[in-house]
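S.K.:
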Amino acid sequence: MHGLLNRAIQRFLCDTHGGECWTHVARVAGVDPGGFEAMLTYEDELTEAVLEAAVARLDLPREMILEDLGTYLVSHPDLEALRRLLRFGGETFVDFLFSLDDLPERARLAVPDLELPELELAEDTEGGVAIRCRGGWPGVEYVLQGMLRALADDYGALAVLDVIERGPGQATVSISLLDTAFHKGRSFSLVADR
Amino acid sequence: MTGAARQGGAIMLDGAVLGRLLPMHLCLDAEGRVRQAGPTLERIAGTELAGRPFAEVVSLRRPAAATDIAGLLALAGRPLKLTLAVAPALPLKGLVAGLPDGGALIDISMGISLIEAVSRFDLTLGDFSPSDLAVELLYLHEAKSVVSAELSRLAERLNGARVSAEKEAATDTLTGLANRRRLDATLARLLGQGRAFALMQIDLDYFKLVNDTHGHDVGDAVLREVAHLLRAQCRTQDLVARVGGDEFVMILVDIVEPFRIARIAERLIRQIEEPIPVGMRECRISASIGVSVFSRQDSPDPKRLMREADCALYQSKGAGRARVTVFTRPEGAADNTDAA
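So, in structure tokens, the structure goes:
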């Protein structure tokens, strides 16, 4: 898996659960002591070993760790660059959701060898949205759920999210929008502060 | 269809629709006055533009300046370079089209000034038409910055690893001095540059006795102390290497006069002969030194230089140790060597 994703997991474990936790997980999983390099690619098995070691160490369900990872990616101040890139998707949370189909292509514009799961959007009759997530590694839908929850908050929208269907190689995340302007949300300007 | 109607062969658009389609347009009447302006353009100008002569709002730079409507219409269909009166240093792109009533429509784009313009006028997603690629360009610019920052961090880390690996590969682990490899590389470099230098072979005397009497740990401590003494005599351009158990080589750059070399070498021997305290003991050793000299007119042969220094060292040892010999070539004086 791409180093960006592995490095994201590493930073999440470090920042959220402490450096000691990461050192332990890295040792058990057999990660190089220097950690992951964001711009290199690693075997999928290594990522799997890291996640397994994290589940064992933290004694938390894998789904919960992955969802926290998603939230972390959007909301941690050190990863502001990623939040900003996501916010280019649209001016409102709904616009953003409608841009999700393009997300893998957008990611590839920035990093040509970055493979993200395919996302397919469907609206239901009650104004809710279902996102079908295909490909990617097992449990990636929980990362997506965490990211979307944090992004809803970022845009100031109130939404209820759930992973509703899980099958081999695919899953669906449902989003019910309760209020698109629940609070002010965080600001986004097209050009980053210099 | 709201806001648009067909009339003959022309399409009529109302102002709001035109503004959404081309948020940076100027619609001019036959006198060259602004009839209406796109919302983003007005936002940038900071004021309402309607009624103003176009030349007060934009300045055409290429392919030609134009201040009246006739001049402007003459440029219709050609790629324009222009600036806004509020931002004369910000180059923009544009296109002019003639209108049936004798007026003109100018559409303006940020072109390559996009990033600066967005930051300067605090533009938002809503200031661009959704069909405009400007936002994708901003996204790409930002993504590229993030990725290249990550890549340069990677390059830095790899370079750090390379530098320390090279340093390790060229260092004697016991004393921290250069090793044979680095000595060879330095010799090759100096010979390549044609820089004059003295090559000093230093061989410790009575060191084997220290090792045999007090053991290797004490011997190692003595070697480290000698390394410290030698390093203290070096300038930054010089080099000290440990090339064998108790053999050292010093390269003194730009020093070729035998009397200067001899003075430096004798000082070194005196310092090495000072008792070296190791734990409760005091160790006494000495050193013999042989020197060869490379001057610009010599052929750059590292093997010969080492051989000559060896030969001089051998003479020092043979003359009773604790001595310095500077090798001199036969083509000069009668003697091969000049004992100092």
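Read top to bottom, the protein sequences are chains A and B. If you're matching positions, the first sequence starts at 1063 in the working numbering and goes up one per residue. If you're matching positions, the second sequence starts at 205 in the working numbering and goes up one per residue. The C-beta atom is built at its ideal place from N, Cα and C for all residues, glycine as well.
1. Could you work out which residue in B:Gln-405, B:Thr-390, B:Pro-283, B:Tyr-410 is closest to Phe-531 (chain B) when comparing CA atoms only?
2. Let me know the secondary structure DSSP gives Asp-539 (chain B) once reduced to three states.
3. Beta-carbon within less than 7 Å of Gln-1232 (chain A)'s beta-carbon, same chain only, minus the 5 sequence neighbours each way: which residues are those?
4. Apart from the five residues just before and just after Met-1209 (chain A), which ones in its own chain have a Cβ nearer than 8 Å to its Cβ?
5. Give me the Cβ distance between Gly-242 (chain B) and Leu-264 (chain B), rounded to the nearest whole Å; I'm assuming they're in contact under 8 Å.
6. Considering only residues of the same chain and omitting the five flanking positions on each side of Thr-1103 (chain A), which have a CB-CB separation below 8 Å?
7. Between Lys-371 (chain B) and chain A, is there a C-beta pair that is closer than 8 Å?
8. Leaving out five residues on either side along the sequence, give the residues of the same chain with a beta carbon under 6 Å from the beta carbon of Leu-1220 (chain A).
9. Along chain B, which residues have their Cβ under 9 Å away from the Cβ of Ser-1251 (chain A)?
10. Would you check if the distance between the CB atom of Ser-499 (chain B) and the CB atom of Ala-400 (chain B) is smaller than 8 Å?
11. Could you name each continuous beta strand (DSSP E) segment of 3 residues or more that falls completely within the region 1124-1155 of chain A, going from the start of the chain to the end?
12. With a threshold of 16 other CB atoms inside 10 Å of the CB of Thr-390 (chain B), please say whether the residue is buried or exposed.
13. Look at the Cβ atom of Leu-294 (chain B), then the Cβ atom of Leu-303 (chain B), and state whether they are nearer than 8 Å.
14. Please state whether DSSP places Arg-386 (chain B) in a helix, a strand or coil.
15. Spatial neighbours of Arg-1211 (chain A) within its chain, please: C-beta separation below 7 Å, excluding the five flanking residues on both sides.
16. Specify the secondary structure class of Val-1173 (chain A) as computed by DSSP and reduced to three states.
17. Is there a C-beta anywhere in chain B that falls below 8 Å from the one on Arg-1146 (chain A)?
18. Tell me, please, whether the region 246-256 of chain B touches the region 264-273 of chain B by the rule of three or more beta-carbon pairs shorter than 8 Å.
19. Does Asn-363 (chain B) pass the burial test, meaning 16 or more other C-beta atoms within 10 Å, or should it be called exposed?
20. In angstroms with no decimal places, state the Cα-to-Cα distance between Ala-1116 (chain A) and Gly-1096 (chain A).
21. Starting from His-229 (chain B), follow the alpha helix (DSSP H) in both directions and report where the run begins and ends.
22. Can you look up Ser-1236 (chain A) in the DSSP assignment and give me helix, strand or coil?
23. Would you say Met-1063 (chain A) lies against chain B (beta-carbon separation less than 8 Å)?
24. Exposed or buried, Leu-517 (chain B), counting other C-beta atoms within 10 Å across all chains shown (16 or more means buried)?
25. Closer than 9 Å by beta-carbon distance: list the chain B residues that pair up with Phe-1150 (chain A), in chain order.
26. Which of the three DSSP states is assigned to Ala-425 (chain B) in this structure?
27. Contact check, Phe-258 (chain B) vs Gly-281 (chain B) under 8 Å by CB: the rounded distance?
28. Residues of chain B with a CB under 7 Å from the CB of Val-1173 (chain A): which are they?
29. Can you round the beta-carbon distance between Ala-526 (chain B) and Asp-409 (chain B) to whole angstroms, since I take them to be within the 8 Å contact cut?
30. So, helix, strand or coil for Arg-508 (chain B), using DSSP?
31. Is there a Cβ from chain B that is less than 8 Å from the Cβ of Ala-1143 (chain A)?
32. For Thr-1078 (chain A) versus Asp-1140 (chain A), is the C-beta spacing smaller than 8 Å?
33. Would Ser-503 (chain B) pass as a contact of Asp-407 (chain B) if the rule is Cβ separation under 8 Å?
34. What are the boundary residues of the beta strand (DSSP E) that includes Asp-1224 (chain A)?
35. Within 10 Å of its beta-carbon, does Glu-370 (chain B) have 16 or more other beta-carbons around it, so buried, or fewer, so exposed?
36. So is Phe-463 (chain B) buried or exposed if we call it buried at 16+ other beta carbons inside 10 Å?
M.R.: The structure says:
1. Here residue 531 (chain B) refers to the residue found at position 327 of the second sequence. It is B:Gln-405 whose Cα lies nearest to the Cα of Phe-531 (chain B).
2. In the second sequence, counting from the first residue as 1, residue 539 (chain B) sits at position 335. For Asp-539 (chain B), the pLDDT reaches just 39, beneath the cut-off of 50, and the residue's location in the model is therefore unreliable, leaving the point undetermined.
3. Within the first sequence, residue 1232 (chain A) is the residue found at index 170, counting from 1. Cβ neighbours of Gln-1232 (chain A) beyond the five flanking positions: Arg-1194, Cys-1195, Arg-1196.
4. Within the first sequence, numbered from 1, the residue matching residue 1209 (chain A) stands at position 147. Correct list, in chain order: Gly-1132, Thr-1133, Leu-1135, Val-1136, Leu-1148.
5. As a first step, residue 242 (chain B) is located in the second sequence; it is residue number 38 there, counting from the start. As a first step, residue 264 (chain B) is located in the second sequence; it is residue number 60 there, counting from the start. Actually they do not touch by this definition, with Cβ atoms about 18 Å apart.
6. Position 41 of the first sequence, counted from the start, is the residue given in the question as residue 1103 (chain A). Hits under 8 Å: Met-1063, His-1064, Gly-1065, Asp-1175.
7. Here residue 371 (chain B) refers to the residue found at position 167 when the second sequence is read from its first residue. Taking Cβ atoms only, chain A never reaches closer than 8 Å to Lys-371 (chain B), which makes this a no.
8. The residue labelled residue 1220 (chain A) in the question sits at position 158 within the first sequence. These residues qualify, in order along the chain: Leu-1240, Asp-1241, Phe-1244.
9. Residue mapping note: residue 1251 (chain A) aligns to position 189 of the first sequence, counting from 1. Simply Val-322, Ser-323, Asp-326, Leu-327, Thr-328.
10. Here residue 499 (chain B) is taken as the residue at index 295 of the second sequence, counted from 1. Here residue 400 (chain B) is taken as the residue at index 196 of the second sequence, counted from 1. In contact: Ser-499 (chain B) and Ala-400 (chain B) (Cβ atoms closer than 8 Å).
11. none
12. Indexing the second sequence from 1 puts residue 390 (chain B) at position 186. So Thr-390 (chain B) ends up on the buried side.
13. As a working note, residue 294 (chain B) is residue 90 in the second sequence. As a working note, residue 303 (chain B) is residue 99 in the second sequence. Taking 8 Å as the Cβ cut-off, Leu-294 (chain B) and Leu-303 (chain B) do not qualify as a contacting pair.
14. On the second sequence, position 182 is the one that residue 386 (chain B) refers to. If DSSP states are grouped into helix, strand and coil, Arg-386 (chain B) belongs with the helices.
15. Locating residue 1211 (chain A) in the first sequence gives position 149, where the first residue counts as 1. Excluding sequence neighbours, Arg-1211 (chain A) sits near Thr-1133, Leu-1223.
16. Along the first sequence, one-based indexing puts residue 1173 (chain A) at 111. Three-state DSSP puts Val-1173 (chain A) in coil, outside helix and strand.
17. For the purposes of this step, residue 1146 (chain A) is taken as the residue at position 84 of the first sequence. Yes, because at least one Cβ of chain B sits closer than 8 Å to the Cβ of Arg-1146 (chain A).
18. Using a C-beta cut-off of 8 Å, the region 246-256 of chain B makes no contact with the region 264-273 of chain B, since fewer than three inter-stretch Cβ pairs fall below that distance.
19. As a working note, residue 363 (chain B) is residue 159 in the second sequence. Asn-363 (chain B) comes out exposed.
20. Mapped onto the first sequence, residue 1116 (chain A) falls at position 54. Mapped onto the first sequence, residue 1096 (chain A) falls at position 34. Each residue's alpha carbon lies about 18 Å from the other.
21. On the second sequence, residue 229 (chain B) is found 25 positions in, with the first residue counted as 1. Note, His-229 (chain B): premise wrong, no alpha helix (DSSP H); beta strand (DSSP E) at 229-232.
22. Indexing the first sequence from 1 puts residue 1236 (chain A) at position 174. Note: Ser-1236 (chain A) maps to strand in three-state DSSP.
23. Working through the first sequence from its first residue, we reach residue 1063 (chain A) at position 1. Cβ-Cβ to chain B under 8 Å: no for Met-1063 (chain A).
24. The sequence position of residue 517 (chain B) within the second sequence is 313, counting from 1. Buried: at least 16 other Cβ atoms inside 10 Å.
25. Position 88 of the first sequence, counting from 1, holds the residue named residue 1150 (chain A). Leu-329, Val-339, Glu-340, Leu-342, Tyr-343, Glu-346, Ala-347, listed in chain order.
26. Locating residue 425 (chain B) in the second sequence gives position 221, counting from the first residue. When DSSP states are grouped into helix, strand and coil, Ala-425 (chain B) belongs to the helix group.
27. Sequence index remark: in the second sequence, residue 258 (chain B) carries index 54 (1-based). Sequence index remark: in the second sequence, residue 281 (chain B) carries index 77 (1-based). The Cβ separation is near 17 Å, so there is no contact.
28. The residue you call residue 1173 (chain A) lines up with position 111 of the first sequence. Result: Val-351.
29. Looking up residue 526 (chain B) in the second sequence gives position 322. Looking up residue 409 (chain B) in the second sequence gives position 205. The pair is a contact, with the Cβ atoms about 6 Å apart (cut-off 8 Å).
30. In the second sequence, the residue the question calls residue 508 (chain B) occupies position 304. In the structure shown, Arg-508 (chain B) sits in a helix (DSSP, three-state: H, G or I).
31. Counting from 1 along the first sequence, the entry for residue 1143 (chain A) is found at position 81. By this cut-off, Ala-1143 (chain A) is an interface position.
32. The residue labelled residue 1078 (chain A) in the question sits at position 16 within the first sequence. The residue labelled residue 1140 (chain A) in the question sits at position 78 within the first sequence. Against a cut-off of 8 Å, the Cβ pair of Asp-1140 (chain A) and Thr-1078 (chain A) comes out as no contact.
33. In the second sequence, counting from the first residue as 1, residue 503 (chain B) sits at position 299. In the second sequence, counting from the first residue as 1, residue 407 (chain B) sits at position 203. Not in contact: Ser-503 (chain B) and Asp-407 (chain B) (Cβ atoms no closer than 8 Å).
34. To locate residue 1224 (chain A), count along the first sequence from 1; it is residue 162. Run containing Asp-1224 (chain A): 1220-1229, per the beta strand (DSSP E) assignment.
35. Within the second sequence, the letter at position 166 stands for residue 370 (chain B). It is exposed - the Cβ of Glu-370 (chain B) has fewer than 16 other Cβ atoms within 10 Å.
36. Within the second sequence, residue 463 (chain B) is the residue found at index 259, counting from 1. Its Cβ having fewer than 16 others within 10 Å, Phe-463 (chain B) is exposed.
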